[in-house]
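Residue numbers (this note's numbering): 7 to 473.
Every residue, glycine too, gets a C-beta built ideally from N, C-alpha and C.
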Amino acid sequence: MNFVSTRGSVNKIGFIDTVLMGLANDGGLLVPEKIPQLPAEKLKAMSKLTYQELAFEIFSYYVDGEIPENELKELIQKSYASFRHPEVTPVQKLKDNMYVLELFHGPTFAFKDIALQFLGNLYSYVSKKKGETIHILGATSGDTGASAIEGVRGKEGIRICILHPHGKVSKVQELQMTTIDDQSVLNLAIKGTFDDGQRIIKELFADVDLKDKYHLRAINSINFVRILAQTVYYFYAYFQIKKEHDIESVNFSVPTGNFGDIFAGYLAKKMGLPVGKLIVATNENNILEGFIRDGVYKPGEFRSTYSPSMDIQVASNFERYLYYLLDENPNKVTDLMEQFKSDGKIVVNEELLHQVKEEFAAHGVVGEECLQTISEYYAETKYLLDPHTACGVAAYERFNNLNEVCITLATAHPAKFNESIERCNIQQTFPEQITQLFDKPQYLEVIEADKDEVVRNLEKLFSYSAK
């Protein structure tokens, strides 16, 4: 298995090199040169596997022998041993033909744990094999930060720095990141938005000399391993539903701001999983809805919402989808990304827009619709949706044919977003792990959203790791 850049100047690198490169050195994103195709007989055999066994099967296509089988299995077992549910990502029925896929049973109660527990263990594995310290650098709109820190802290040879938008994440998200007292963890709260942090991260990774000098590695979903690990639960969910319904395909409604979680579903579909429509659920920061509706990808005015993890205007993984939309033509991708840089927008023609609409639907859920969905589902089913999952459910109701089975991805535990739950006049009980956070001191630096200031603070981390 070889990997290539969406912009064409990085070609035929292996799995481990793809993990370590993160963002391609030409500024593009890394994708498999050829997506593995799984025939119906293979899918039938895979449907009988446990989650961990399924992960091994899917990862093996992409790892392609670079990690010995027994060591890959050990990495997978270690990564999901800390999950609170034996199925890792169980499926729950809420209504006829409507299910939620619970992705919040990991250590930080968010779907990011599924990929980042594995990626953290993988980085530790690579660090030991290569005998070098790895500096992980990432930006978060809320959940990635805590999951990334939890995935790597305490692991020898790894240091991590996370940027988050100061005052623009939920209190629990902030506490999960900043109550970690560890010299190998640096939390930087930037005076800006997630998009500012994401831009800084991309600028730092685009500086190849700096990236190589300090062994900078990506934890954001620009790293293909994030996408790969998330692809597994689409297969798992489909197999569980197939046991109950005689169906050809399943629709998925996916809360997403950075297009990573839904791109994992797109990858699963291209591998052969019978996925019908992929429904993009966003909030008022609805750049993705605009593209799927009109073929115009253009950032709007940033808005803080009840679903803060989706408060994103520029979606990192959108370029991966563009690559496949444009028939895997890196020159066309490069031209469009240059157009975006110069004009601030991407426009596709009617033919391409028709193809987009064949594969996706989208709905931007405004604040009151989100809260109303939480309230209605709690009253009717006693199931408490977090605000991001509520956006997914609202989008499902807008677009799904009620005769078709749809799975909404439940991306976080509602305790992580009590500010929104309280607005629905609902009292919830916090898990003990979250309750304990409120009594702990916090460790963070509040800085300007400036690349040079980020680098100055990173020097502290580099200095510590060099001792």
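Item                                                                                                                                                                         : Value
Looking only at C-alpha atoms, which of N76, I413, F124 sits nearest to F89?                                                                                                 : F124
How about S85 and G28: are their beta carbons less than 9 Å apart?                                                                                                           : no
Just mark Q204 as buried or exposed, buried being the case when its beta carbon has 16 or more other beta carbons within 10 Å.                                               : buried
Between L122, G163, A116, which has its C-alpha nearest G3's C-alpha?                                                                                                        : The shown model of the chain, from 7 to 473, leaves out residue 3, and the question about it has no answer.
From the DSSP output, in three-state form, read off R309 for me.                                                                                                             : coil
Give me, in chain order, the residues of the same chain whose beta-carbon lies closer than 7 Å to that of A321; leave out the 5 immediate sequence neighbours on both sides. : G263, N264, F265, I293, L294
Return the Cβ separation of I207 and L143 in integer angstroms, given the expectation that the two are a contact with Cβ distance under 8 Å.                                 : 6 Å
Could you tell me how far apart the beta carbons of H172 and K197 are, in whole angstroms, since I believe they sit closer than 8 Å?                                         : 5 Å
Reducing DSSP to helix, strand and coil, say where A418 ends up.                                                                                                             : strand
For Q345, which residues of its own chain have a beta-carbon under 7 Å away from its beta-carbon, when the five flanking residues on both sides are left out?                : I352
Are the beta-carbon atoms of L60 and Y242 separated by less than 9 Å?                                                                                                        : yes
Strictly by DSSP, which residues pair up with Q98?                                                                                                                           : V106
Here's the rule: buried if 16 or more other CB atoms are within 10 angstroms of the residue's CB, otherwise exposed. What is Q361?                                           : exposed
Given that a residue counts as buried once 16 or more other Cβ atoms are within 10 Å of its Cβ, and exposed if not, what is E425?                                            : exposed
Measure how close the beta-carbons of L194 and I453 come, nearest whole angstrom, since I'm counting them as under 8 Å.                                                      : 6 Å
Below 8 Å, how does it come out for the region 248-262 and the region 328-348: are there three or more Cβ pairs, yes or no?                                                  : no
Classify H360 as helix, strand or coil using the three-state DSSP reduction.                                                                                                 : helix
Mark K18 as exposed unless 16 or more other C-beta atoms lie within 10 angstroms of its C-beta, in which case mark it buried.                                                : exposed
Tell me, please, which residues DSSP counts as bridged to L167.                                                                                                              : The sequence as given places Cys at residue 167; Leu does not occur at that position. DSSP lists L143, L192 as partners of C167.
At the level of alpha carbons, what is the spacing between M183 and D149?                                                                                                    : 9 Å
Does DSSP put L40 in a helix, a strand or coil?                                                                                                                              : The sequence given here places Lys at residue 40; Leu does not occur at that position. Coil.
Using CA atoms only, rank isn't needed, just tell me which of V158, K304, K388, T311 is closest to G350.                                                                     : K304
Does DSSP put V320 in a helix, a strand or coil?                                                                                                                             : coil
Count the other CB atoms within 10 Å of the CB of V302; is the residue buried (16 or more) or exposed (fewer)?                                                               : exposed
Cutting at 7 Å between CB atoms, please list the residues of its own chain near A421, excluding the five before and the five after it.                                       : F115, V178, Q434, F436, P437, I440
Just to confirm, is the Cβ distance from M316 to N289 under 9 Å?                                                                                                             : yes
Go ahead and label F200 buried or exposed: buried means 16 or more other beta carbons lie within 10 angstroms of its beta carbon, across all protein chains shown.           : buried
Pick from I432, F423, H394, V372: whose alpha carbon is nearest that of K388?                                                                                                : I432
Which residue from L26, Y330, I166, C376 puts its Cα closest to that of E465?                                                                                                : I166
Taking 6 Å as the limit between beta carbons, can you name the residues of its chain near S15, skipping five residues before and five after?                                 : D32
May I ask you to report which of helix, strand or coil DSSP gives E334?                                                                                                      : coil
In the DSSP assignment, what residue or residues form a beta bridge with F366?                                                                                               : L284
Just list the residues that DSSP pairs C412 with in beta bridges.                                                                                                            : M104, N257
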